[in-house]
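In our numbering, the protein residues as written are 1 to 434.
Please read the structure below before turning to the comments.
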Amino acid sequence: MDYFLELKQKIETRQAVVAVVGLGYVGLPLAIEKARAGYRVLGFDIQQKRVDMVNRGENYIGDVVDSDLHEFVQKELLKAASDYSGIAQADCVTICVPTPLDAFQQPDISCVRNSCIAVAQYAHPGMLIVLESTSYPGTTEEVMQPVFQEKGFTIGKDLFLAFSPERVDPGNRQYNLRNTPKVVSGVTPACLELAALLYKNVLESEPFRVSSPKVAEMEKIYENTFRNINIALANEMAVLCRRMGIDVWEVIEAAKTKPYGFMAFYPGPGLGGHCIPIDPYYLVWKAKEYHCRTRLIETAGEINDQMPEHVVGQAAELLNRDKKSLNGASVLLLGVSYKKDTDDIRESPALRIWKLLKQESAEVSYLDPFVPSLTLDGEVYESKSMEDVPDADLCIITTDHSQFDAQAIADHSRLVLDTRNLTKGMHRDHIFRI
Ligand SMILES: NC(=O)c1ccc[n+]([C@@H]2O[C@H](COP(=O)([O-])OP(=O)(O)OC[C@H]3O[C@@H](n4cnc5c(N)ncnc54)[C@H](O)[C@@H]3O)[C@@H](O)[C@H]2O)c1
1 MDYFLELKQK IETRQAVVAV VGLGYVGLPL AIEKARAGYR VLGFDIQQKR
51 VDMVNRGENY IGDVVDSDLH EFVQKELLKA ASDYSGIAQA DCVTICVPTP
101 LDAFQQPDIS CVRNSCIAVA QYAHPGMLIV LESTSYPGTT EEVMQPVFQE
151 KGFTIGKDLF LAFSPERVDP GNRQYNLRNT PKVVSGVTPA CLELAALLYK
201 NVLESEPFRV SSPKVAEMEK IYENTFRNIN IALANEMAVL CRRMGIDVWE
251 VIEAAKTKPY GFMAFYPGPG LGGHCIPIDP YYLVWKAKEY HCRTRLIETA
301 GEINDQMPEH VVGQAAELLN RDKKSLNGAS VLLLGVSYKK DTDDIRESPA
351 LRIWKLLKQE SAEVSYLDPF VPSLTLDGEV YESKSMEDVP DADLCIITTD
401 HSQFDAQAIA DHSRLVLDTR NLTKGMHRDH IFRI
């Protein structure tokens with residue numbers, strides 16, 4: 001039997017059953033788009049709560065439109081499970097599980113490995129498996145491929161293995177999963193062909209094909225390292241500009257007028273989320289295998305990592321000017337998610353700042369329309385409201401959510417430290433920017 005031709009036809013005619021493993025920020029929107037493209041989708045997640053929510057049509061990811069999820073579940077185009085046995089019904093599987101760092105800042109690919117082992121248990125000939133999780137170059141061929149070969153499959157003949165990095169940008173209203181170009185690779189030409197066909201049917205444009213999974217894995221980390229390093233440069237400029245009494249935001253606005261050779265990146269309270277602070281370390285770790293030092297990446301990481309301390313240092317200086325100290329001061333953090341217009345608090349610099357402030361005995365609270373409550377060091381906190389702004393000795397703008405009214409914050413606060421330039425252009429005695 002020609003498994004390639006059979007699967008190609010199933011993908012082309014939308015007869016293929018598509019599985020998505022890991023229903024988080026990447027997986028759930030992807031599952032929705034595959035259902036929209038006309039495929040029957042099976043979602044898998046180890047969190048039973050998420051599985052139950054999906055099956056009730058209840059959304060928990062900001063970028064997913066509630067009515068879309070509801071509609072596809074109602075039409076039985078999307079169904080979720082925590083038990084992997086349903087994988088046996090799938091023709092294509094996309095893996096979107098987390099790739100964090102361990103306690104020693106080294107890649108933790110246990111979720112990728114575990115999900116591959118679970119999928120392999122129910123894999124059958126004529127199956128396409130695509131990894132979308134971000135990882136170091138070599139993951140698809142060195143980690144995934146052996147798991148399926150040990151089960152007796154021949155890659156490119158009876159089982160097809162591919163890597164296609166995800167570029168979803170939570171909260172971005174202009175670019176979504178469908179209209180963002182996608183890079184696709186395969187272990188063999190047949191694997192590439194099938195993966196490219198699947199994405200072509202789901203996205204608005206033809207995917208960009210590269211010659212190997214290693215290239216695709218590296219290009220994803222290059223994208224995020226590029227961002228990490230440029231943010232580090234903006235942060236370094238911010239620290240220097242403050243010492244020199246220069247407004248770094250005005251400097252960037254001016255530099256931006258150059259129509260070529262400059263791309264604006266902005267300073268901030270530090271990096272957050274599941275990508276930019278983490279992915280470069282995957283490369284730093286892998287580079288060591290080749291006796292390569294990635295000094296620029298490591299230095300950028302150090303600079304970005306110092307930003308929460310820098311913010312807290314500036315907060316102490318500002319209170320000091322008013323003859324107050326951090327000890328006992330009430331500090332309101334405006335925004336705890338790592339970026340604007342999302343509820344994602346993973347690795348959020350606001351939480352690092354919170355902990356540092358607490359170490360200095362400040363009384364910390366927060367206001368975030370996207371995060372009604374959160375647990376920090378075992379304690380549960382609830383978001384304050386704008387009415388609480390006047391009571392705070394210091395408001396630190398840690399996230400520039402579109403819902404935040406900069407004028408209202410300026411009018412009703414006693415002292416503001418703005419780490420995001422939300423108060424752009426305002427010249428008031430009690431407003432300071434990093
Ligand atoms: N969030 C982003 O903006 C973004 C963007 C591009 C790429 N990525 C990459 O995509 C991957 C997934 O990120 P995410 O943000 O969606 O993570 P997430 O934590 O939001 O979702 C991952 C989901 O996978 C589930 N999971 C973990 N192990 C599993 C297993 N063995 N089997 C089934 N489900 C399992 C988790 O319960 C969770 O629901 C990561 O590699 C990340 O770097 C994320």
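Ideal Cβ positions, reconstructed from N, Cα and C, are used throughout, including at glycine.
- At the C-beta level, residue 286 and residue 136 come within 7 Å of one another.
- Residue 379 is bridged by DSSP to 376.
- Residue 281 places its beta carbon 7 Å or farther from that of residue 78.
- DSSP, reduced to helix, strand and coil, places residue 287 within a helical segment of the structure shown.
- Residue 44 has its CB nearer than 6 Å to a heavy atom of ligand 1.
- In this structure, residue 110 has its CB at a distance of at least 6 Å from all heavy atoms of ligand 1.
- Per DSSP, residue 433 lies in no alpha helix (DSSP H); the unbroken beta strand (DSSP E) holding it starts and ends at 431 to 433.
- Below 8 Å, too few C-beta pairs join the region 27 to 35 and the region 139 to 158 to call them touching: fewer than three.
- Taking 6 Å as the cut-off, one finds no heavy atom of ligand 1 near enough to the beta carbon of residue 203.
- Annotated three-state conformation of residue 282 is helix, per DSSP.
- Taking the Cα positions, residue 114 is about 22 Å away from residue 216.
- Pairing residue 161 with residue 178 gives a Cβ-Cβ distance that is not under 7 Å.
- Here the region 61 to 78 makes no contact with the region 92 to 108; the two share fewer than three CB pairs at distances below 8 Å.
- Taking C-alpha positions only, residue 155 is separated from residue 145 by approximately 8 Å.
- By the Cβ criterion, the region 247 to 257 is not in contact with the region 322 to 340, since fewer than three pairs of Cβ atoms, one from each stretch, lie closer than 8 Å.
- For residue 382, the shortest C-beta to heavy atom distance toward ligand 1 is 6 Å or greater.
- Looking only at 330, 184, 122, the smallest Cα-Cα distance to residue 395 is reached by 330.
- Relative to residue 267, the option among 84, 415, 433 whose CA is nearest is 433.
- Relative to the non-hydrogen atoms of ligand 1, the Cβ of residue 116 never comes closer than 6 Å to any of them.
- Residue pairing for residue 20: DSSP places it in a beta bridge opposite 43, 94.
- For residue 203, the three-state secondary structure derived from DSSP is coil.
- A check of alpha carbon separations from residue 50 across 36, 37, 25 identifies 25 as the nearest.
- At least one heavy atom of ligand 1 is found less than 6 Å from the C-beta of residue 23.
- Taking the Cβ of residue 47 as the reference point, at least one heavy atom of ligand 1 falls within a distance shorter than 6 Å.
- Distance check between residue 59 and each of 401, 82, 90, 23 places 23 closest, using alpha-carbon atoms only.
- Residues of the same chain with a CB within less than 7 Å of the CB of residue 195, apart from the 5 flanking positions on each side, are 128, 130, 162, 164, 184, 186 in chain order.
- For ligand 1, no non-hydrogen atom lies closer than 6 Å to the CB of residue 185.
- If you check the CB distance, residue 18 and residue 39 come in under 7 Å.
- Taking C-beta atoms under 8 Å as the contact rule, residue 126 and residue 91 qualify, at a distance of about 7 Å.
- In this structure, the C-beta of residue 166 approaches ligand 1 to less than 6 Å from one of its heavy atoms.
- Non-local C-beta neighbours of residue 264 in its own chain, meaning closer than 6 Å and more than five positions away in sequence, comprise 252, 256, ordered along the chain.
- A Cβ-Cβ separation of about 12 Å leaves residue 397 out of contact with residue 415 under the 8 Å criterion.
- For ligand 1, no non-hydrogen atom lies closer than 6 Å to the CB of residue 337.
- Proximity of the beta carbon of residue 134 to ligand 1 is indicated: a heavy atom of the ligand is located closer than 6 Å.
- Annotation for residue 92 indicates a beta carbon at 6 Å or more from all heavy atoms of ligand 1.
- Between residue 347 and residue 54, the alpha-carbon positions lie close to 25 Å from each other.
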